[in-house]
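Residue numbering for the sequence shown follows the working numbering, starting at 8 and increasing by one per position.
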Amino acid sequence: MLNIDKSKPVLVTGASGYVAGWIVKRLLEEGVTVHAAVRDPQDPKKLAHLNELAAVLPGTIRYFKADLLENGSYAQAMQGCAIVFHTASPFKLDVSDPQKELIEPAKLGTRNVLETANKTESVQRVVLTSSCAAIYGDCADIEKTPGQMFTEDVWNTSSSLQHVPYAYSKTVAEHEAWAIVGRQSRWDLVVINPSLVLGPGLNPQATSESFNLVRQLGNGKMKAGAPDVGFGAVDVRDLAAAHVHAAYLPHANGRHIVSGHNTSLPGIAATLLPKYAAYPVPRRTLPKWLVWLAAPLADKSTTRKFVSRNVGYAWRADNSKSIRELRILYRPLQVTMQDMFQQMIDSDQIPRR
Ligand code: NAP
């Protein structure tokens, strides 16, 4: 049983996002007052799903306008909060200016939120949504990793502004968070490092990059086959539980790999075939040389260096700390994938067959 103190509000940054939505839902179910920080509190498209939840669940939601790049803009939202869930950070792969679009909001945004925590007496704990991308940059990194297994002790040293800048943004942001927490002792930091997040969105028109990937499994873009890119995968509902447990289990500390399954692109596609055989889900694994030749032509954000260092490597991470210390029970990958795929068909993001 979690001992949830319902008398104090909590702040969720980026509350309009895919991952944050499920965290807010869990908190509202528990009767917590959620201060939801969003860029535009007037945008009905981004907030309708949260309003619908708040109308039927015991908790209360209050919106606050805030932007990662406006210093001090989270101060009002954080007032009186015991816990801060810092989830806001851009998750997109196709960017033209990675410094402005990814690194600055991730790093300066983390600094902005945590420095506000320093000034807000009520804050006791910050739960930061980092990523497995702060642990590894390329699948090939596994070859230099002790025991050929990613763990919480490992940091991404292979990403840069030029190479996999999203992973670089998550790495510099998490480093920044550890540096800031280390300079004080009133609040503590618990970090969640999710692998690729999958599963249905509370807002079916979610903009997270997770949806772009699954869309390609159903819209015919990968009907010739999928490259053998390895990664971990976690259900968004399990990830929300991990955040809430990280907030309210007193012993929670440090980093946590939150990843239910070591898998790959062909691996997640295979989970769809038993139910969605009528769809152009990739059935073949493309040879690496073909991916190397074709990928940069098909998608400008996929470089040949990325293909060389990510195709054909098995991805393995140790999720035992999350099971032991955050008490996470991971649901089967097939359930996650089929729930998400079905939602994307029902919301016309994947053409119905
Ligand atoms: P998402 O739906 O795109 O959520 C990102 C959130 O960040 C949105 O609420 C967005 O606000 C907010 N945001 C972006 N730039 C901002 C800015 N300048 N000021 C204020 N808010 C800003 O993506 P997600 O998948 O839920 O990602 C949430 C977190 O999980 C991120 O930290 C991401 O790095 C992490 N993560 C995701 C995955 C995954 O596979 N999805 C895996 C590991 C870690 P708007 O709604 O206003 O755009």
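The beta carbon of each residue, even a glycine, is placed where N, CA and C say it ideally should be. Computed from a predicted structure; not experimentally measured.
| query | Under the three-state reduction of DSSP, which class applies to P211: helix, strand or coil? | reply | The residue you call residue 211 lines up with position 204 of the sequence shown. It is coil, neither helix nor strand.
| query | Just to confirm, does Y143 get its C-beta within under 7 Å of one of the non-hydrogen atoms of the ligand NAP? | reply | Working through the sequence shown from its first residue, we reach residue 143 at position 136. No; taking the cut-off as 7 Å, the Cβ of Y143 has no heavy atom of the ligand NAP nearer than that.
| said: When you measure from the CB of A253 to every non-hydrogen atom of the ligand NAP, does any distance come out below 7 Å? | reply: For the purposes of this step, residue 253 is taken as residue 246 along the sequence shown, with counting starting at 1. No, Cβ of A253 sits at least 7 Å from all heavy atoms of the ligand NAP.
| message | Quick check: the Cα distance between P273 and P65, rounded to an integer number of angstroms? | response | The residue you call residue 273 lines up with position 266 of the sequence shown. The residue you call residue 65 lines up with position 58 of the sequence shown. If I take the Cα positions, the gap works out to 41 Å.
| Mapping DSSP to helix, strand and coil, what is P65? | Here residue 65 corresponds to residue number 58 of the sequence shown, with the count starting at 1. Of the three classes helix, strand and coil, the one that applies to P65 here is coil, per DSSP.
| Any 3 or more C-beta pairs closer than 8 Å across the segment 234-249 and the segment 174-187 | no
| Under a three-way DSSP split, which group does N317 fall into? | Along the sequence shown, read from residue 1 onward, the residue named residue 317 stands at position 310. Here N317 sits in helix by DSSP.
| query | Just to check, is the beta-carbon of D74 closer than 7 Å to a non-hydrogen atom of the ligand NAP? | reply | Taking the sequence shown and counting its residues from 1, the one referred to as residue 74 is at position 67. Result yes, Cβ under 7 Å from the ligand NAP.
| query | In terms of alpha-carbon separation, which member of L256, P105, T164 and K114 lies closest to N10? | reply | Within the sequence shown, the letter at position 3 stands for residue 10. Here the closest residue by C-alpha is L256.
| Considering only C-alpha positions, which residue in the set E216, Y283 and A22 is nearest to F92? | What you label residue 92 is simply residue 85 of the sequence shown in a count that begins at 1. For the residues E216, Y283 and A22, the minimum Cα distance to F92 belongs to A22.
| Under a three-way DSSP split, which group does A174 fall into? | Along the sequence shown, one-based indexing puts residue 174 at 167. Three-state DSSP puts A174 in a helix.
| task | Could you give the DSSP three-state label for D195: helix, strand or coil? | result | Within the sequence shown, numbered from 1, the residue matching residue 195 stands at position 188. Strand.
| field | Cα-Cα separation, D245 to C139 | value | Numbered from 1 along the sequence shown, position 238 holds the residue referred to as residue 245. Numbered from 1 along the sequence shown, position 132 holds the residue referred to as residue 139. Straight-line Cα distance between these residues: approximately 15 Å.
| request: Could you tell me if the beta carbon of S327 falls within a distance shorter than 7 Å of some heavy atom in the ligand NAP? | output: For the purposes of this step, residue 327 is taken as residue 320 along the sequence shown, with counting starting at 1. No, Cβ of S327 sits at least 7 Å from all heavy atoms of the ligand NAP.
| query | Per DSSP, K72 forms a beta bridge with which residues? | reply | Counted from its first residue, the sequence shown places residue 72 at position 65. Its beta-bridge partners are V45.
| task | Provide the residue span of the beta strand (DSSP E) that contains L135, from first to last. | result | Start at 1 with the first residue of the sequence shown, and residue 135 comes out as number 128. It spans R132 to T136 - the beta strand (DSSP E) in which L135 sits, taken as one unbroken run.
| field | Alpha-carbon spacing of R372 relative to G267, whole angstroms | value | Examination of residue 372 is not possible in this model, given that the chain is present from 8 through 360 alone.
| Stretch-stretch touch, CB-based, cutoff 8 Å, three pairs: the segment 157-176 with the segment 220-235 | no
| the segment 127-139 / the segment 55-65 touching (three or more Cβ pairs under 8 Å) | no
| request: Check each candidate in S176, C146 and R290 and name the one with the smallest Cα separation from R118. | output: Within the sequence shown, residue 118 is the residue found at index 111, counting from 1. Ranking S176, C146 and R290 by Cα distance to R118 puts S176 first.
| said: With distance defined between alpha-carbon atoms, name the residue in E332, F313, G319 and L57 nearest to Q169. | reply: For the purposes of this step, residue 169 is taken as residue 162 along the sequence shown, with counting starting at 1. Of the candidates E332, F313, G319 and L57, the one whose C-alpha sits nearest the C-alpha of Q169 is F313.
| request: May I ask you to verify whether the segment 68-76 touches the segment 23-30, counting CB pairs closer than 8 Å and requiring at least 3? | output: no
| Residues near R46 in its chain [Cβ-Cβ closer than 6 Å; skip 5 each side] | Position 39 of the sequence shown, counting from 1, holds the residue named residue 46. Once the five neighbours on either side are set aside, the close Cβ partners of R46 are D74.
| field | Terminal residues of the beta strand (DSSP E) in which S271 lies | value | As a position in the sequence shown, residue 271 is number 264, starting the count at 1. Residues H268 to S271.
| Should D47 be listed as close to the ligand NAP, given that the test is whether its C-beta is under 7 Å from any heavy atom? | In the sequence shown, residue 47 corresponds to position 40, counting from 1. For the ligand NAP, at least one heavy atom lies less than 7 Å from the Cβ of D47.
| query | Should F238 be listed as close to the ligand NAP, given that the test is whether its C-beta is under 7 Å from any heavy atom? | reply | Here residue 238 refers to the residue found at position 231 of the sequence shown. Result no, Cβ not under 7 Å from the ligand NAP.
| message | When you compare the CB positions of M351 and R262, do they come within less than 8 Å of one another, or not? | response | Indexing the sequence shown from 1 puts residue 351 at position 344. Indexing the sequence shown from 1 puts residue 262 at position 255. Against a cut-off of 8 Å, the Cβ pair of R262 and M351 comes out as no contact.
| request: Report the partner residues of G239 according to the DSSP bridge assignment. | output: One-based indexing of the sequence shown puts residue 239 at position 232. Answer is N269, bridged to G239.
| What are the start and end residues of the beta strand (DSSP E) that includes I90? | The sequence position of residue 90 within the sequence shown is 83, counting from 1. Its beta strand (DSSP E) spans residues I90 to H93.
| Q155 versus I330: straight-line alpha-carbon distance, rounded | Residue 155 sits at position 148 when you count from the first residue of the sequence shown. Residue 330 sits at position 323 when you count from the first residue of the sequence shown. When rounded, the distance between both Cα atoms is 20 Å.
| G38: buried (16+ other C-beta within 10 angstroms of its C-beta) or exposed? | Looking up residue 38 in the sequence shown gives position 31. It counts as exposed.
| said: Please report the distance separating the alpha-carbon of N200 from that of R69. | reply: For this step, residue 200 is matched to residue 193 along the sequence shown. For this step, residue 69 is matched to residue 62 along the sequence shown. Straight-line Cα distance between these residues: approximately 27 Å.
| By the 10 Å Cβ neighbour count, where 16 or more other Cβ atoms means buried, how is E150 classified, buried or exposed? | As a first step, residue 150 is located in the sequence shown; it is residue number 143 there, counting from the start. E150 should be labelled exposed.
| Residue from N58, P51 and D242 whose Cα sits closest to the Cα of Q345 | For the purposes of this step, residue 345 is taken as residue 338 along the sequence shown, with counting starting at 1. The option with the nearest alpha carbon to Q345 is D242.
| field | Minimum length 3: unbroken beta strand (DSSP E) runs contained in the segment 299-351 | value | none
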